[in-house]
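Participant: For the sequence shown, counting from 1, position 189 maps to 176 in our numbering; every step adds exactly one. Next up is a structure, given as structure tokens.
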Amino acid sequence: MSKIQSVKGMNDLLPDTIDQWHRIESSIRQVAWQYGYQEIRTPILEKTELFKQSIGDQTDIVEKEMYTFADAGDVSLTMRPEATASTVRACNQHGLLHNQQQRLWYMGPMFRRERPQKGRYRQFHQFGIEAFGWNGPDIDAEIIQVGARLWKNLGIRDISLLVNTLGSESSRKTYRSELQAYLQRYEADLDADSRRRLHSNPLRVLDSKAEKTREILEQAPKMGDFLDPDALAHFEGFRGLLEAMEIPYTVDDRLVRGLDYYTSTVFEWVTGSLGAQSAVCAGGRYDNLVEHRGGKPTPAIGFAMGVERLIELAAIETEIDQKRCPDIYVIPVDAAQQSLAIKLAERLRDANLFVVTHCGGGKIRNQMKRADSSGATLTLMLGESEVASGSVTVKRMRAETDPGDASTAQTEIKLDDAVGYCVEQLARFNCPN
Ligand code: HAM
């Protein structure tokens, strides 16, 4: 019978990589906490309308990538492709923005039916932050700082910041019609997607990867030339703060982002280390979304980063051995010593140690092999003679844990003293997990 495989683009996270996930997740939690962001968890399924109305009917995500199905009663539901829309929905639903500002973060799986390739999956994970209720460029700069601190904490250096502004609504409107008029002159030479977008959403043409379209765009009008004084002041204020924080950036006037809710500041953190999928983190302002979803007018800004891409990048850049090895491996030499071994292991865990108990019996030679391959620092053996003398044999497994002693020493310790002895040995020799 053929084995059933996982859905294409939806990956299992296996035990040998999970330590990396934990390390990154705890860095994320730490950074979010340090900046005063609180966690929010929203459901994976939302009403399809939420994403259509928030992300935009004519975006790639809504047009081609959503996992949508009819629930009982023909209610259309969608597996969230991102969580900004869900966060706004939750804030409005629970009154979190009534005369309040909010700094929120989330982490979890998102779903997009994209063509899978390295760094691009159909189920992937995002860490995102969203700040509601601040108008000024100071919060824009803070959002960038959160990313920068995470890169610093994770030892990531190959990452750079692209910024742009989509201006105010009125400046965007003027720019939109100027760009449209310009592109219409070259309509026949545009790629099919851009031709379609030319009428519905001409700014998205700026995103095109088609060579001919890119050539046409070289001479296209630039958003920067259409900014009104307020939009310009906001963008300059933001850039000034980035400079004060010594965060290098490049202004990329083609950066428009693929979701319709953005207004004003937009940005992307990109890397050269991950091939085609270079965007690690992206976001921007969406000052109208809360109101459009039925809330009071509330300015907002946020970002989301792809956790898989972040993990990949951190692994390339830091080369840290992520595996967490047990402190202690406990071996009952025969079945008769099993209950004593289990009790001893529990006492060691009471002292907050990572203890693996050998299960499944077998010859002592094979049990020792298992202890060795577990990577444990110490192995404790309980055999007939140890039990008779009320003691346990402690074997240090790694010669390199004691530079002064090439042998892997073995010694017998009274059972009552075993926990204290192990704690003291581990403090001296344990690998820096
Ligand atoms: P986004 O640019 O669609 O923005 O996604 C943000 C990040 O999620 C990307 O930069 C990338 O790292 C990761 N990502 C997206 N799609 C995939 C995929 N198929 N496989 C792996 N990683 C992926 C948003 O989602 C907005 N909600 C960001 C935001 C928050 N804007 C304001 N607040």
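Virtual Cβ for every residue (Gly too), placed ideally from N, Cα, C.
Tell me which residue opens and which closes the alpha helix (DSSP H) that Asp278 is part of.
Facilitator: Reading the sequence shown from its first residue, position 291 is the one you call residue 278. A quick correction: the sequence has Glu, not Asp, at residue 278. Counting along the chain, the alpha helix (DSSP H) containing Glu278 begins and ends at Leu276 to His279.
Participant: Apart from the five residues on each side of it in sequence, which residues of its chain come closer than 7 angstroms, Cβ to Cβ, to Arg296?
Facilitator: Taking the first residue of the sequence shown as 1, we reach residue 296 at position 309. Counting only Cβ-Cβ distances below 7 angstroms, and skipping sequence neighbours, we find Gly106, Leu261, Gln264 and Val267.
Participant: Please state if the CB of Glu371 and the CB of Asp403 are separated by a distance shorter than 8 angstroms.
Facilitator: To locate residue 403, count along the sequence shown from 1; it is residue 416. To locate residue 371, count along the sequence shown from 1; it is residue 384. Going by C-beta atoms, Asp403 is not nearer than 8 angstroms to Glu371.
Participant: Looking only at its chain, what residues have a beta carbon closer than 6 angstroms to the beta carbon of Val243, apart from the 5 residues adjacent to it on each side?
Facilitator: Counting from one through the sequence shown, the residue named residue 243 turns up at place 256. Leu190, Leu193 and Asp194.
Participant: How about Ser14 and Leu149: are their beta carbons less than 8 angstroms apart?
Facilitator: Taking the first residue of the sequence shown as 1, we reach residue 14 at position 27. Taking the first residue of the sequence shown as 1, we reach residue 149 at position 162. Cβ atoms of Ser14 and Leu149: not closer than 8 angstroms.
Participant: On the CB-based measure, 16 or more other CB atoms within 10 Å of its CB, does Pro235 come out buried or exposed?
Facilitator: For the purposes of this step, residue 235 is taken as the residue at position 248 of the sequence shown. A residue is called buried once 16 or more other Cβ atoms fall within 10 Å of its Cβ, and Pro235, having fewer, is exposed.
Participant: Please classify Gln397: is it buried, with 16 or more other beta-carbons within 10 angstroms of its beta-carbon, or exposed?
Facilitator: Mapped onto the sequence shown, residue 397 falls at position 410. With fewer than 16 other Cβ atoms within 10 Å, it is exposed.
Participant: Classify Leu153 as helix, strand or coil using the three-state DSSP reduction.
Facilitator: Locating residue 153 in the sequence shown gives position 166, counting from the first residue. If DSSP states are grouped into helix, strand and coil, Leu153 belongs with coil.
Participant: Could you compute how far the alpha carbon of Asn420 sits from the alpha carbon of Asp3?
Facilitator: Here the question's residue 420 lines up with position 433 in the sequence shown. Here the question's residue 3 lines up with position 16 in the sequence shown. Reliability of the predicted coordinates at Asn420 is poor, the pLDDT of 42 falling under 50, and no value is obtained from them.
Participant: With DSSP as the reference, label Ile42 as helix, strand or coil.
Facilitator: As a first step, residue 42 must be located in the sequence shown, where it is residue number 55. Helix at Ile42.
Participant: For the 8 angstroms Cβ check, are there 3 or more pairs between the region 217 to 225 and the region 15 to 28?
Facilitator: no
Participant: Going by the CB atoms, is the gap between Ser164 and Thr237 shorter than 8 angstroms?
Facilitator: The sequence position of residue 237 within the sequence shown is 250, counting from 1. The sequence position of residue 164 within the sequence shown is 177, counting from 1. Using a Cβ distance threshold of 8 angstroms, Thr237 and Ser164 do not count as a contacting pair.
Participant: Where does the unbroken beta strand (DSSP E) through Ser251 begin, and where does it stop?
Facilitator: Position 264 of the sequence shown holds residue 251. Taken as a continuous stretch (DSSP letters only), the beta strand (DSSP E) holding Ser251 covers Thr250 to Val257.
Participant: State yes or no: is the C-beta of Val267 nearer than 7 angstroms to some heavy atom of the ligand HAM?
Facilitator: Numbered from 1 along the sequence shown, position 280 holds the residue referred to as residue 267. Correct: Val267 has its Cβ closer than 7 angstroms to the ligand HAM.
Participant: Within 7 angstroms: the Cβ of Phe290 and any heavy atom of the ligand HAM?
Facilitator: Residue mapping note: residue 290 aligns to position 303 of the sequence shown, counting from 1. Yes.
Participant: What does DSSP give as the partner residues of Ile116 in its beta bridges?
Facilitator: To locate residue 116, count along the sequence shown from 1; it is residue 129. Its beta-bridge partners are Trp92 and Phe290.
Participant: Using only the heavy atoms of the ligand HAM, determine whether one of them is closer than 7 angstroms to the beta carbon of Leu246.
Facilitator: For the purposes of this step, residue 246 is taken as residue 259 along the sequence shown, with counting starting at 1. Yes, the beta carbon of Leu246 sits closer than 7 angstroms to at least one heavy atom of the ligand HAM.
Participant: By a C-beta neighbour count over all protein chains shown, 10 Å radius and 16 as the cutoff for buried, is Pro30 buried or exposed?
Facilitator: As a first step, residue 30 must be located in the sequence shown, where it is residue number 43. Pro30 is exposed by the Cβ-count criterion.
Participant: Helix, strand or coil for Pro103? Go by DSSP, reduced to three states.
Facilitator: Against the sequence shown, residue 103 aligns to sequence position 116. Three-state DSSP puts Pro103 in coil, outside helix and strand.
Participant: When DSSP labels each residue in this structure, what does Val133 get in the three-state scheme?
Facilitator: Translated into positions along the sequence shown, residue 133 becomes position 146. Of the three classes helix, strand and coil, the one that applies to Val133 here is helix, per DSSP.
Participant: Measuring only from the beta carbon, is Gln45 closer than 7 angstroms to any heavy atom that is part of the ligand HAM?
Facilitator: Mapped onto the sequence shown, residue 45 falls at position 58. Flag unset: Cβ of Gln45 not near the ligand HAM.
Participant: Using three-state DSSP, classify Ser472 as helix, strand or coil.
Facilitator: Look at the range of the chain in this structure, -12 to 420, and you will see that residue 472 is not part of it.
Participant: Buried or exposed, going by whether 16 or more other CB atoms sit within 10 Å of the CB of Gly60?
Facilitator: Position 73 of the sequence shown, counted from the first residue, corresponds to residue 60. Classification of Gly60: exposed, given that the 10 Å Cβ count is below 16.
Participant: Can you list the beta strand (DSSP E) stretches of 3 or more residues lying completely in the region 48 to 76, in chain order?
Facilitator: 54 to 57 and 63 to 66
Participant: Excluding the five sequence neighbours on either side, which residues of its own chain have a C-beta within less than 6 angstroms of the C-beta of Leu214, listed in chain order?
Facilitator: Here residue 214 is taken as the residue at index 227 of the sequence shown, counted from 1. Around Leu214: Gly154 and Ser158.
Participant: So does Arg107 have its beta carbon nearer than 7 angstroms to some heavy atom of the ligand HAM?
Facilitator: Along the sequence shown, read from residue 1 onward, the residue named residue 107 stands at position 120. Arg107 Cβ: within cutoff of the ligand HAM.
Participant: Residue range of the beta strand (DSSP E) that Ile318 falls in?
Facilitator: Against the sequence shown, residue 318 aligns to sequence position 331. Element bounds for Ile318: Ile315 to Pro319.
Participant: Where do the ends of the beta strand (DSSP E) carrying Lys401 lie?
Facilitator: By one-based count along the sequence shown, residue 401 stands at place 414. Residues Gln397 to Lys401.
Participant: Quick one: what's got a C-beta closer than 6 angstroms to Gly362's C-beta in the same chain, skipping five residues either side?
Facilitator: Mapped onto the sequence shown, residue 362 falls at position 375. Only Cys312 meet the Cβ criterion.
Participant: Helix, strand or coil for Val238 per DSSP?
Facilitator: In the sequence shown, residue 238 corresponds to position 251, counting from 1. Val238 falls in the strand class under three-state DSSP.
Participant: For Asn151, count neighbouring C-beta atoms within 10 Å of its own C-beta (all shown protein chains included) and say buried if the count is 16 or more, exposed if not.
Facilitator: Numbered from its first residue, the sequence shown carries residue 151 at position 164. In this structure Asn151 is buried. Its beta-carbon is surrounded by 16 or more other beta-carbon atoms within 10 angstroms.
Participant: Please report the distance separating the alpha-carbon of Leu369 from that of Ala332.
Facilitator: Sequence index remark: in the sequence shown, residue 369 carries index 382 (1-based). Sequence index remark: in the sequence shown, residue 332 carries index 345 (1-based). Answer to the nearest angstrom: the Cα atoms are 11 angstroms apart.
Participant: When the Cβ atoms of the region 199 to 208 are set against those of the region 166 to 179, are three or more pairs found closer than 8 angstroms?
Facilitator: yes
Participant: Cβ of Gly120 within 8 angstroms of Cβ of Leu84?
Facilitator: Indexing the sequence shown from 1 puts residue 120 at position 133. Indexing the sequence shown from 1 puts residue 84 at position 97. Cβ distance < 8 angstroms, so Gly120 and Leu84 count as in contact.
Participant: Kindly confirm or deny that the region 249 to 257 and the region 86 to 106 touch, where touching means at least three C-beta pairs closer than 8 angstroms.
Facilitator: no
Participant: Helix, strand or coil for Phe111? Go by DSSP, reduced to three states.
Facilitator: In the sequence shown, the residue the question calls residue 111 occupies position 124. Three-state DSSP puts Phe111 in a strand.
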